[in-house]
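Numbering (full-length UniProt numbering), first residue to last: 1 to 242.
A quick write-up on the structure given underneath.
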């Protein structure tokens, strides 16, 4: 990861954050949601530390990372930034679960009992429970991670027994859809499942859906946390990935 960005790039990040925040606020109003009911997760994978610092100094606190070692390195390098919050949103390999359990505040991509158990057992003593979301495969794609909606209740019950995890909600990354109506249709069963879960447990308050291409549909469908990267930081350079 490159260590530096230009002053102009820093200014651009601040302006981009403001623009994305305005867009979210406008969609909240358009879809008659409660003001400030949707959090912005800045997806910072492959981006240099200086870009994250620029976003932090512009007021952003929650950052999402997809690659374990990159996430850990950034967490350690930016530990001096008070209130910064690290969300792991990528696939989890068993041999990397300890690093995630030791450093992250949130994990959005819990999709197997084995991973949930490892994160629970590897969460260090003295740290608060790890906030987790269950990733749900709502498009039925074999190539996508996530539990089927039919398996959700069993996964919820399993996680509820793990003292070092705190179930906060659901996450999904659906297949691209042709239009807004189709996006909402795909999200509808997940939204209903989230509503039912949140009725039974007051700690379940997070529906992590929505990216740049489907922000409007996600917010209409009850999203409480949207994941935006390129619109804030610019195009990603995967050659720079740690």
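Virtual Cβ for every residue (Gly too), placed ideally from N, Cα, C.
- Where residue 211 is concerned, there is no enclosing beta strand (DSSP E), because DSSP gives it neither an H nor an E.
- Beta-bridge pairing by DSSP links residue 110 to 134.
- With 16 or more other CB atoms across the displayed protein chains lying within 10 angstroms of its CB, residue 70 is buried.
- In the DSSP annotation of this structure, the continuous segment of the beta strand (DSSP E) that includes residue 227 starts and ends at 225-228.
- A contact between stretches requires three or more CB pairs, one per stretch, nearer than 8 angstroms, and the region 47-56 fails this requirement with the region 87-105.
- In the structure shown, residue 80 falls within a coil segment according to DSSP collapsed to helix, strand and coil.
- The shortest CA-to-CA distance from residue 9 to any of 47, 117 and 43 is the one to 47.
- Just so you know, the alpha carbons of residue 119 and residue 165 end up roughly 8 angstroms apart.
- Straight-line measurement puts the Cα of residue 134 at about 14 angstroms from the Cα of residue 144.
- For residue 41, same chain residues with a beta-carbon under 8 angstroms away, outside a window of 5 residues either side, are 62, 63, 64, 87, 89, 208, 225, 226, 227 and 228 in chain order.
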